[in-house]
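This report refers to the structure that appears directly beneath it.
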């Protein structure tokens with residue numbers, strides 16, 4: 000019996016590897032191509048015969064990109080706005096999601112849907128009211144203003160996803176904590192959040208990526224004199240008559256780097272986290 | 022779900038009122054306090070813009086003709102009803118959303134299940150690589166894929182020809198039959214990590230004991246998946262599917278870069294129609310009408326799906 | 064806090080913001096332009112102070128290089144004025160401009176393309192410059208022609224800074240090899256295209272643009288067959304028969320004669336350029352703005368390519384000459400803003416910019432410069448200026464082109480509909496665009 004179970008497990012492992020290697024190739028191949036293209040001079044990219052590997056690799060694209068007016072600043076602005084957005088969304092989202100997950104009040108279902116409404120309307124049409132609102136509040140072209148716009152759109156995402164994760168944690172654990180003397184807030188911080196770590200980490204990554212790559216609001220709500228962000232810089236390279244493949248792909252590679260870093264830091268949390276003296280066999 | 026795990030807790034009551042948050046959390050209105058920040062934020066920034074957007078759909082407002090909107094009731098909707106382009110876009114949107122969300126969910130789930138196996142080596146690297154497509158900014162991803170699938174310089178074409186799967190280079194985005202499929206492949210590539218990330222986190226929360234108990238009872242893998250994994254994953258599945266469907270309905274970014282609705286009307290979708298109306302035609306009234314249609318359809322879908330899945334029950 | 068109070072608090076905050084956001088924004092009614100105060104006497108350079116904001120869509124290194132040099136020259140001339148340029152991604156320019164018109168934040172000066180100008184005027188986004196232009200000393204070097212695209216209802220809204228002259232590139236070496244003369248008429252073009260198409264060598268005669276921007280070339284063909292788009296009063300004036308013949312002739316280059324690459328319906332600027340520079344196509348319709356790109360790719364004096372005026376159609380000889388204009392949107396610093404516009408039309412500036420980008424100047428004084436006259440490639444442009452003129456543009460024309468003309472053209476290329484039906488749809492769309 001045990002041997003065949005082993006064999007079945009081995010079979011699944013092999014299958015899993017097959018799936019993963021295949022998917023990995025599918026996912027990574029275009030990224031590798033992007034990186035390779037970023038190492039070529041433009042003349043080597045648009046050629047009659049496709050050049051797979053750069054015959055004359057060069058880092059010129061990266062140098063040119065970084066030296067372009069304002070690019071490092073845009074990078075920094077993106078970092079600031081993304082960090083702020085993640086913090087606010089997590090804080091606001093955890094509290095809201097917990098409430099919606101644990102407590103039953105009359106309009107709960109409708110409230111959940113209400114949160115989604117702002118995402119259900121195409122962003123292009125929401126531009127003007129938000130634009131005007133930020134100008135009136137004096138938050139136009141400020142980190143805080145852009146963060147406000149982002150969190151309005153990303154809070155519903157955090158709430159829905161975090162609620163999904165909170166739903167999978169049994170309330171009995173918090174009751175046990177309260178019997179032991181914890182406040183409700185304490186129960187959240189000490190029981191629920193640690194158990195929901197994978198979900199919180201996943202949400203943080205999601206929010207970070209969405210904020211980092213967001214383009215439309217960044218373009219409309221910032222100016223080059225102010226806090227213009229990185230995605231706008233990338234789009235600026237796509238001209239009416241020009242498309243510098245080398246620069247654009249270099250920009251893409253640079254875009255990924257900080258998020259990869261963030262993900263690497265957060266990666267641990269995504270795994271089965273808590274094993275504080277787990278009671279096992 | 023993780024039962025009987027020992028968690029370090031204070032054995033004595035926490036010293037109050039030194040910790041105000043603790044105090045606050047003991048009040049009868051704790052539930053509302055928790056909700057307040059997010060509700061305020063969303064209400065402040067969401068209600069007016071969406072309401073004004075919907076209101077605009079009942080107006081005629083073309084920036085090129087008149088600086089102020091004028092009320093026309095349902096006239097914009099009547100115009101949409103008789104517009105054949107609207108119906109083509111609606112049909113394409115249905116295909117785009119169902120095949121898109123479905124394929125992304127399935128692929129994301131399969132990969133999450135594979136990544137969830139504890140004994141695999143190199144998991145960290147695999148997981149990182151599988152997330153990369155989602156990290157790439159749309160402007161770069163879109164242009165890179167249009168280059169990859171290019172009929173002159175496209176690496177994908179070259180590889181497929183060398184592998185013998187194709188006779189000659191195919192102009193994927195130029196043929197009506199393949200354009201939608203090509204855009205769906207690019208969207209699949211870009212967005213399956215969204216599902217993988219969330220579903221994997223969800224799977225991590227399912228305790229081993231449940232599986233072990235089921236195995237002892239003689240359940241096979243399929244049973245374990247269907248009766249244990251899926252039900253426990255449902256809240257995460259519902260949330261991620263709803264969010265992705267909303268994203269697919271509303272965001273034309275990738276489509277704009279790859280085909281801009283072409284060739285002909287083969288990849289024209291409602292979000293693109295709204296976008297064109299607003300920012301090429303400056304006809305905000307018409308754009309608002311299309312957007313409101315999308316809003317209503319999404320609300321119906323979301324409420325129905327939430328109800329059917331029972332996520333807000335009890 | 065009771066639930067009632069809680070809901071009330073939310074409602075109050077929400078409506079507070081609502082009221083704030085509803086604050087009436089002054090939007091100029093279309094057509095009623097705001098004139099900038101004319102200054103008959105030239106203002107002393109040192110007297111001008113302050114800042115000038117400028118929106119543009121320059122992208123490439125060469126363009127940005129040109130802008131930097133031009134800005135520096137301006138600073139040397141007017142040491143107390145600072146120009147704050149903001150580059151806006153080209154594809155999103157109108158979205159950002161529209162937002163500024165409705166919600167505030169218009170730039171003082173802005174770059175304007177000829178296709179966008181009617182729309183920008185119609186939404187009340189540009190200032191009438193007629194009186195300033197009339198009293199201007201550079202006016203003598205800018206014939207009336209060049210202001211045509213910038214004139215709406217008799218008022219001028221922009222000053223031309225450089226030109227895009229439509230012309231044609233052709234593979235001189237392939238033509239020589241096949242013993243064909245460079246095409247002068249549409250028939251020549253068709254014959255050459257068919258003859259130079261050789262699928263075994265992956266060669267096609269004509270790099271047709273069938274995606275974004277391709278509607279412009281089709282409209283030129285339609286006009287070449289004798290069907291105007293709008294008449295002098297701006298009313299729809301398409302000739303159904305002639306337009307259908309035009310569309311049939313043009314599309315048959317692909318559908319019948321197979322002289323066009325099969326990716327045509329997804330080929331926009333990037334793709335047709337790639338096709339020509341990598342040796343896939345023999346002829347390419349574009350304008351002077353791409354000369355530097357083509358000569359860099361194929362070699363400036365290699366004999367591989369040449370430039371020609373567009374071929375003549377059966378009825379008339381058409382070639383679009385469009386200008387990039389600079390205009391004013393919200394001149395807070397009116398005199399300094401005008402000085403910036405004036406600066407772009409100065410011969411020195413035009414030459415500086417030409418050297419950086421290869422863009423054809425708008426001032427006739429500069430066209431006589433040896434840098435233009437001696438360059439063999441520019442001969443085609445100089446010839447074209449004799450008969451070329453502005454493309455038909457009216458409020459709503461770019462939308463008509465993108466959402467009606469282009470998809471119908473693509474459907475003809477795909478074989479989904481016949482040219483007759485496509486022209487029918489285009490004419491209906493034109494009526495709607497003009498009459499509303």
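Chains as they are written, first to last, in my numbering: chain A, 0 to 280; chain B, 22 to 335; chain C, 64 to 499.
Where is the CB? At the ideal position from N, CA and C, for every residue including glycine.
Beta carbon of residue i nearer than 8 angstroms to that of residue j
i: residue 233 of chain A; j: residue 58 of chain B; result: no
i: residue 293 of chain B; j: residue 267 of chain B; result: no
i: residue 205 of chain A; j: residue 156 of chain A; result: yes
i: residue 185 of chain A; j: residue 145 of chain B; result: no
i: residue 225 of chain C; j: residue 385 of chain C; result: no
i: residue 311 of chain B; j: residue 101 of chain B; result: yes
i: residue 198 of chain A; j: residue 56 of chain B; result: no
i: residue 160 of chain A; j: residue 191 of chain A; result: no
Three-state secondary structure assigned by DSSP to residue i
i: residue 242 of chain A; result: coil
i: residue 134 of chain A; result: helix
i: residue 344 of chain C; result: strand
i: residue 119 of chain C; result: strand
i: residue 349 of chain C; result: strand
i: residue 199 of chain C; result: coil
i: residue 186 of chain C; result: coil
i: residue 361 of chain B; result: The displayed coordinates of chain B run from 22 to 335. Any statement about residue 361 of chain B would go beyond what the structure contains.
i: residue 94 of chain C; result: Its pLDDT being 36, under 50, residue 94 of chain C is placed unreliably by the model, and the measurement read from it follows with that caveat. Looking at residue 94 of chain C - three-state DSSP - the assignment turns out to be coil, as it is neither helix nor strand.
i: residue 240 of chain B; result: coil
Among the options, the one whose alpha carbon lies nearest that of residue i
i: residue 153 of chain B; options: A/217, A/246, A/268 and A/24; result: A/24
i: residue 4 of chain A; options: B/240, B/324, B/320 and B/323; result: B/240
i: residue 77 of chain A; options: A/94, A/227 and A/194; result: A/227
i: residue 336 of chain B; options: B/168, B/99, B/111 and B/305; result: Here chain B covers residues 22 to 335 and nothing more, so residue 336 of chain B does not appear.
i: residue 122 of chain C; options: A/68, A/100 and A/167; result: A/68
i: residue 46 of chain A; options: C/339, C/112 and C/263; result: C/339
i: residue 469 of chain C; options: C/254, C/153, C/310 and C/198; result: C/310
i: residue 236 of chain C; options: C/342, C/136 and C/288; result: C/342
i: residue 164 of chain B; options: C/405, C/292 and C/333; result: C/333
i: residue 212 of chain A; options: A/138, A/102 and A/80; result: A/80
i: residue 64 of chain A; options: A/263, A/255, A/256 and A/249; result: A/249
Beta carbon proximity, residue i to chain C, threshold 8 angstroms
i: residue 303 of chain B; result: yes
i: residue 224 of chain B; result: no
i: residue 111 of chain A; result: no
i: residue 253 of chain A; result: no
i: residue 195 of chain B; result: yes
i: residue 126 of chain A; result: yes
Residue-chain proximity (residue i, chain B), Cβ-Cβ < 8 angstroms
i: residue 3 of chain A; result: no
i: residue 234 of chain A; result: yes
i: residue 184 of chain A; result: yes
i: residue 182 of chain C; result: yes
i: residue 491 of chain C; result: no
i: residue 92 of chain A; result: yes
i: residue 212 of chain A; result: yes
i: residue 263 of chain C; result: no
i: residue 435 of chain C; result: no
i: residue 134 of chain A; result: no
Min CB distance residue i to chain A below 8 angstroms
i: residue 93 of chain C; result: Only weak support exists for where residue 93 of chain C lies, its pLDDT of 38 falling under 50; the value from the coordinates is given anyway. No, no contact with chain A.
i: residue 332 of chain C; result: yes
i: residue 325 of chain C; result: no
Is the region 179-199 of chain C touching the region 144-156 of chain A, taking contact as three or more C-beta pairs under 8 angstroms?
-> They do not touch, by the three-pair rule.
Any contact of the region 237-254 of chain A with the region 172-183 of chain A, i.e. 3+ C-beta pairs under 8 angstroms?
-> no
Would you call the region 376-396 of chain C and the region 215-232 of chain C touching, i.e. three or more CB-CB distances under 8 angstroms?
-> With the rule of 3 Cβ pairs closer than 8 angstroms, the region 376-396 of chain C counts as touching the region 215-232 of chain C.
State whether the region 191-205 of chain C contacts the region 418-436 of chain C, with contact taken as three or more CB pairs (one from each stretch) at a distance under 8 angstroms.
-> yes
Taking 8 angstroms as the threshold, find out whether the region 127-144 of chain C comes into contact with the region 159-167 of chain C through three or more Cβ pairs.
-> The region 127-144 of chain C vs the region 159-167 of chain C: no contact.
Validate contact between the region 441-460 of chain C and the region 251-271 of chain B using beta carbons, cut 8 angstroms, 3 pairs | no
The region 399-414 of chain C touching the region 270-284 of chain C, judged by at least three CB pairs closer than 8 angstroms = no
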